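Residue numbers (my numbering), protein chains in the order written: chain A, 1 to 323; chain B, 324 to 620. Built from N, CA and C at the ideal position, the CB exists for glycine as well. All figures in this text were calculated on a predicted structure; none of them were measured in a lab.
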């Protein structure tokens, strides 16, 4: 189909053997000039907006001040890193990050699997479709809206206080969002509410790929309905489950950011402050750019090591690769 | 779905329980939004907010009237819409072009370009260096800080490229022989043929633009390009401050608090409704978008 083009290409190649390197390059360039121009523009964009910030992480080793060039800053070495690791808040931040992530994995990870199994067992197709459609909605709603809803439900005159007061469980309203001990519960529930439906899609699509003959064979062997769930459905989606668990563990330092900023306040800071919000507080709100960048860099490096080593382990032990 | 197990009273009971559990689940998902709608329509001088559970008989549109008297809200709405439309169109065109360039087999630079972008999926400079870059490029306090830094996306590049690769190469080759330029092929063949994947990516991008507030907060400290989400957050902070005061205050200020609660609920509804409106329309596309990605893996 493209013989004509190939022939001209070959001719060009033969004649180009005798040319200089520069001529070869310019010939190559002229042949697909438009493509090269587009490519160069794209490379410039990615260089400016992705690679310069990567190099910019170097300010973690300097006492960078805005308005000065990075080359004129004093090199302070690991000062900010040591400051972060010895900061009095450090154990608290790590505890919050790991606790919020841990709760997310503990409750937020099985929830979509359970939902997918229940949905898969529904025999009325229309009903299944309606439940699925509704369950995706929270995924598309912003955290600001979720926070606003939380304020409404948990507020001083909110519905939860009103119900508990009527039932006589509490005798004066509690402002839940101002008490640190409730924060982890609130944020875990909000996270699950927002993500459970959307995360179930991937399990449902894995289930739709299960061969019908497996169920027929199961029936021949005398498996009942629950037996089929335990011995056919679950083992069939096990690779997907393991894969997503690996991804979750690899990103354990990403405990969320927007939800903490929106739902947290000064009274609950001891329970909501995670690495990301800490970097934001110092780096941008207080203008300590070097220190903030150092905190971000520590998190970035640990995350990368985690992702790669978890992936390596999975490849070795389970023959599954995420990347 | 076909079933191969025997019908017994146990499986029938399971069906009933399953139906009820999923019904409760659906109600839990919907209820907070419904409650917010009811509170926004409730007249707080007639019925305290905490007593609105499923329905209110004292309906009023006062909260919405107060809301739309505020010229800032209208301005925020317009900026939000501009951001969604311009941002989605530009990113879709640019990232789609990037995806197309990385699929042209004869093009020598394609693998290098692809790799340079894929690296950005794993490594990033982090919040502070990115922020400083925007400051140094003088993009802060402009509208373009919402558009330019997200023109290209490595993830959507892979998604679109995997779709383009499923199209017969002959289609592009025929156009090339006819003397069509690569940009022409992109505009006249790739864009129309790849509508499903572009629609899916457009939904993600549009929802992302509509919902984002943090970049508005840090890149637009002066506030002249504030979006609707940021106004909602500001009302949120105000009502948070009011909640602290209300513990010791009298009935009159309590009512004022409740009115502000109604206005907040109304704002929440106004922010959510556009998403719910486009939602059923695009639903088939975003699901197909996910499966396109997973099939290739």
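Worksheet entry | Three-way DSSP call (helix, strand, coil) for residue 382/B in this model | Working through the second chain from its first residue, we reach residue 382/B at position 59. In this structure, residue 382/B counts as strand in the three-state DSSP scheme.
Worksheet item: Three-state secondary structure (DSSP) at residue 319/A?
Response: Working through the first chain from its first residue, we reach residue 319/A at position 319. Residue state, collapsed to three classes: coil.
Worksheet entry | Per-residue DSSP class, three states only, for residue 102/A | Translated into positions along the first chain, residue 102/A becomes position 102. DSSP, read as helix, strand or coil, puts residue 102/A in helix.
Worksheet item: By the criterion of Cβ-Cβ separation under 9 Å, what are the contact partners of residue 366/A in chain B?
Response: Residue 366/A is absent from the model: chain A starts at 1 and stops at 323.
Item to complete: Could you spell out where the alpha helix (DSSP H) holding residue 83/A opens and where it closes?
Response: Here residue 83/A refers to the residue found at position 83 of the first chain. Where residue 83/A is concerned, the enclosing alpha helix (DSSP H) stretches over 79 to 86.
Worksheet item: In three-state terms, what does DSSP make of residue 536/B?
Response: By 1-based counting over the second chain, the position of residue 536/B is 213. Coil at residue 536/B, not helix or strand.
Worksheet item: Hey, does residue 309/A have any beta-carbon neighbour from chain B nearer than 8 Å?
Response: Numbered from its first residue, the first chain carries residue 309/A at position 309. Not one chain B Cβ lies under 8 Å of residue 309/A.
Worksheet item: Under a CB-based cut-off of 8 Å, is residue 606/B close to chain A?
Response: What you label residue 606/B is simply residue 283 of the second chain in a count that begins at 1. So, interface residue.
Worksheet item: Does any residue of chain E bring its CB to less than 8 Å from the CB of residue 274/A?
Response: This model lacks chain E altogether; the protein chains it does include are A and B.
Worksheet item: Going by the beta-carbon positions, is the gap between residue 376/B and residue 365/B smaller than 8 Å?
Response: In the second chain, counting from the first residue as 1, residue 376/B sits at position 53. In the second chain, counting from the first residue as 1, residue 365/B sits at position 42. No.
Discussion item. Using only CA atoms, which one of 146/A, 234/A and 123/A lies nearest to residue 345/B?
Written reply: Your numbering for residue 345/B matches position 22 in the second chain. Of 146/A, 234/A and 123/A, the residue nearest in Cα terms is 123/A.
Worksheet item: In the DSSP assignment, what residue or residues form a beta bridge with residue 45/A?
Response: Your numbering for residue 45/A matches position 45 in the first chain. In the DSSP secondary-structure assignment, residue 45/A is not bridged to any residue.
Worksheet item: If you compare alpha carbons, which of 476/B, 603/B, 385/B and 396/B is closest to residue 557/B?
Response: Looking up residue 557/B in the second chain gives position 234. Taking only the C-alpha atoms, the option nearest residue 557/B is 396/B.
Fill in: Three-state secondary structure assigned by DSSP to residue 75/A
As a first step, residue 75/A must be located in the first chain, where it is residue number 75. In the structure shown, residue 75/A sits in a strand (DSSP, three-state: E or B).
Worksheet item: Which residues bound the alpha helix (DSSP H) around residue 255/A?
Response: As a first step, residue 255/A is located in the first chain; it is residue number 255 there, counting from the start. No alpha helix (DSSP H) contains residue 255/A, which DSSP labels as neither H nor E.
Worksheet entry | Cross-chain neighbours of residue 355/B in chain A, by beta carbon under 7 Å | In the second chain, counting from the first residue as 1, residue 355/B sits at position 32. Within chain A, the residues near residue 355/B are 149 and 153.
Worksheet item: What residues in the region 170 to 194 of chain A have a beta carbon less than 9 Å from any beta carbon of chain B?
Response: 173, 175, 177, 178 and 193
Fill in: Segments of 4+ residues assigned as alpha helix (DSSP H) that fall wholly inside the region 216 to 296 of chain A
Fully enclosed alpha helix (DSSP H) runs of 4 or longer: 225 to 228, 234 to 250, 258 to 263, 269 to 272 and 275 to 280.
Practice prompt. Run the CB neighbour count on residue 518/B, radius 10 Å, all protein chains shown included, and call it buried at 16 or more, exposed below.
Written response: Counting from 1 along the second chain, the entry for residue 518/B is found at position 195. Its Cβ having fewer than 16 others within 10 Å, residue 518/B is exposed.
Worksheet item: DSSP state of residue 63/A, grouped into three classes?
Response: For the purposes of this step, residue 63/A is identified with residue 63 of the first chain, where counting begins at 1. Correct three-state label for residue 63/A: coil.
Worksheet item: Is any beta-carbon of chain A found at less than 8 Å from that of residue 453/B?
Response: Taking the first residue of the second chain as position 1, residue 453/B is located at position 130. Chain A contact via Cβ: present.
Fill in: Member of 483/B, 412/B and 339/B whose CA lies at the smallest distance from the CA of residue 529/B
Here the question's residue 529/B lines up with position 206 in the second chain. For residue 529/B, the closest of 483/B, 412/B and 339/B by C-alpha to C-alpha distance is 412/B.
Worksheet item: In terms of DSSP beta bridges, what is residue 191/A paired with?
Response: For this step, residue 191/A is matched to residue 191 along the first chain. Answer is none; residue 191/A lacks a bridge partner.
Fill in: Pick from 454/B, 549/B and 422/B that is closest to residue 509/B, judged by C-alpha positions
Stepping through the second chain from its first residue, residue 509/B is reached at position 186. Looking at the Cα atoms, 422/B is the closest of the given residues.
Discussion item. For the pair the region 99 to 109 of chain A and the region 170 to 189 of chain A, tell me if three or more CB-CB distances fall below 8 Å.
Written reply: yes
Discussion item. Determine whether the beta carbon atoms of residue 308/A and residue 277/A lie at a separation below 8 Å.
Written reply: One-based indexing of the first chain puts residue 308/A at position 308. One-based indexing of the first chain puts residue 277/A at position 277. Not closer than 8 Å, so no.
Item to complete: Would you list the residues sitting across from residue 365/B in a DSSP beta bridge?
Response: Along the second chain, one-based indexing puts residue 365/B at 42. Note: residue 365/B sits in a beta bridge opposite 382/B.
Worksheet entry | Cut-off 8 Å between Cβ atoms - residues of its own chain near residue 544/B, not counting five sequence neighbours on either side | As a first step, residue 544/B must be located in the second chain, where it is residue number 221. Excluding positions up to five away in sequence, the list reads 463 and 464.
Practice prompt. Output yes or no for whether 8 Å exceeds the beta carbon distance between residue 290/A and residue 60/A.
Written response: Locating residue 290/A in the first chain gives position 290, where the first residue counts as 1. Locating residue 60/A in the first chain gives position 60, where the first residue counts as 1. In contact: residue 290/A and residue 60/A (Cβ atoms closer than 8 Å).
Worksheet item: Looking at C-alpha atoms only, which residue of 425/B, 371/B and 598/B is the closest neighbour of residue 155/A?
Response: Residue 155/A sits at position 155 when you count from the first residue of the first chain. Measuring from the Cα of residue 155/A, the nearest candidate turns out to be 371/B.
Practice prompt. Check whether the region 433 to 453 of chain B touches the region 474 to 486 of chain B, counting contact only when three or more Cβ pairs, one atom from each stretch, lie closer than 8 Å.
Written response: yes
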